[in-house]
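Enquirer: Counting from 1 along the sequence shown, just add 11 to a position and that's the residue number in this note's numbering.
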Amino acid sequence: MRETTVVHGRKTFCYIAAANGNLNCLRFAHENGRPWNIYTCAIAAAYGHLDVLEYLHENNCPWDTLTCEMAEQFDEIECLQYATSHGCPWIKPSFSIE
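#1: Report yes if the C-beta distance between residue 63 and residue 44 is below 7 Å; otherwise report no.
#2: For residue 98, does the count of other Cβ atoms within 10 angstroms reach 16, so buried, or fall short, so exposed?
#3: Quick one: give me the first and last residue of the alpha helix (DSSP H) that residue 62 is part of.
#4: Given this structure, state the Cα-to-Cα distance separating residue 46 from residue 91, to the nearest angstrom.
#5: So residue 38 is in the alpha helix (DSSP H); what residue range does that whole segment cover?
#6: Starting from the C-beta of residue 100, find all residues in its chain whose C-beta is less than 8 Å away, skip the five residues before and the five after it, and write them out in chain order.
#7: Check this for me: beta carbons of residue 56 and residue 89, under 7 Å apart or not?
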């Protein structure tokens, strides 16, 4: 299950909305002051919810290398491309296993 890969402590309302790809719920939570953090972007990327990731980024949700790592790990190429093209840091693997 992908969600357990990104769980770090207590899940926030925004994290759960992002994991489920529920943009309307996420938008409502954000507009009503619910907190989000780097794990919110990471879980959206892990599940391939590009529309959610775009909303998070456009509304200044923080992200870091974990966002790209999760997108890469779960082959969510569109999310990885979006994140890297919008300045999300990514440490590309220096090796490949084939």
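The beta-carbon is built from N, C-alpha and C at its ideal position, and this holds for glycine as well.
Just so you know, these numbers come straight off a predicted model, no measurement behind them.
Expert: In brief:
#1: As a working note, residue 63 is residue 52 in the sequence shown. As a working note, residue 44 is residue 33 in the sequence shown. Contact check for residue 63 against residue 44 fails: the beta carbons are separated by 7 Å or more.
#2: In the sequence shown, counting from the first residue as 1, residue 98 sits at position 87. By the neighbour-count rule (16 or more Cβ atoms within 10 Å), residue 98 is not buried but exposed.
#3: For this step, residue 62 is matched to residue 51 along the sequence shown. Segment 61-69, the alpha helix (DSSP H) holding residue 62.
#4: One-based indexing of the sequence shown puts residue 46 at position 35. One-based indexing of the sequence shown puts residue 91 at position 80. The straight-line gap from Cα to Cα measures roughly 24 Å.
#5: Here the question's residue 38 lines up with position 27 in the sequence shown. Element bounds for residue 38: 34-42.
#6: In the sequence shown, residue 100 corresponds to position 89, counting from 1. Correct list, in chain order: 75, 76 and 79.
#7: Working through the sequence shown from its first residue, we reach residue 56 at position 45. Working through the sequence shown from its first residue, we reach residue 89 at position 78. No. Outside cutoff.
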